[in-house]
Amino acid sequence: QVQLVESGGGLVQAGGSLRLSCAASPSIFSINAMGWYRQAPGKGRELVASISSGTYYADSVKGRFTISRDNAKNTLYLQMNSLKPEDTAMYYCAGGLLTVRHVDYWGQGTQVTVSS
């Protein structure tokens with residue numbers, strides 16, 4: 025069983041940046057695909073970015089967010105630049121043994137709030 029713990033959320037002004045981290049224990053090595061989902065109040069959970077053999081970004085974040093993975097540090101990252109108020113949501117780290125669309129492991133979430 026793998027545990028995922030997010031950090032790095034917070035309150036930021038529009039146009040600002042945040043970097044989310046997701047620490048996996050005991051190891052990230054066994055997880056083929058990882059990603060970040062987000063859920064805004066009253067909305068469904070959406071896949072924002074993922075990484076496995078390649079990367080995927082939702083249209084709404086392309087060019088602003090960058091996902092990366094450091095297997096040596098057992099950590100997944102999401103660099104978020106040029107943040108907008110509509111990026112406000114709870115962000116969840118997710119891991120899939122085969123694909124991130126079928127999530128086997130979830131983190132507890134970290135709140136990102138972007139003020140206008």
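Residue numbers (the working numbering): 25 to 140. We put the CB at the ideal spot given by N, CA and C, even for glycine. Given the structure is predicted, the values throughout are model-derived calculations rather than measurements.
Query, Result
"Nearest candidate by alpha-carbon position, reference D83, set S139, C117, E70, Q103", "E70"
"Selected residue, minimal CA-CA separation from N56, among W130, G34, G119", "G119"
"Alpha-carbon spacing of P50 relative to Q27, whole angstroms", "7 Å"
"CB of S106 within 7 Å of CB of Q37, strictly", "no"
"Straight-line Cα distance separating P65 from T79", "26 Å"
"DSSP beta-bridge partners of S154", "Residue numbering for the chain in the displayed model covers 25 to 140; residue 154 lies beyond these limits and cannot be assessed."
"Beta-carbon spacing of W130, L102 below 7 Å", "no"
"Enclosing beta strand (DSSP E) for F53 [first to last residue]", "Where F53 is concerned, there is no enclosing beta strand (DSSP E), given that its DSSP letter is neither H nor E."
"Proximal residues to G32 (C-beta, below 7 Å), its chain only, five neighbours per side dropped", "L42, R43, L44, S45, T134"
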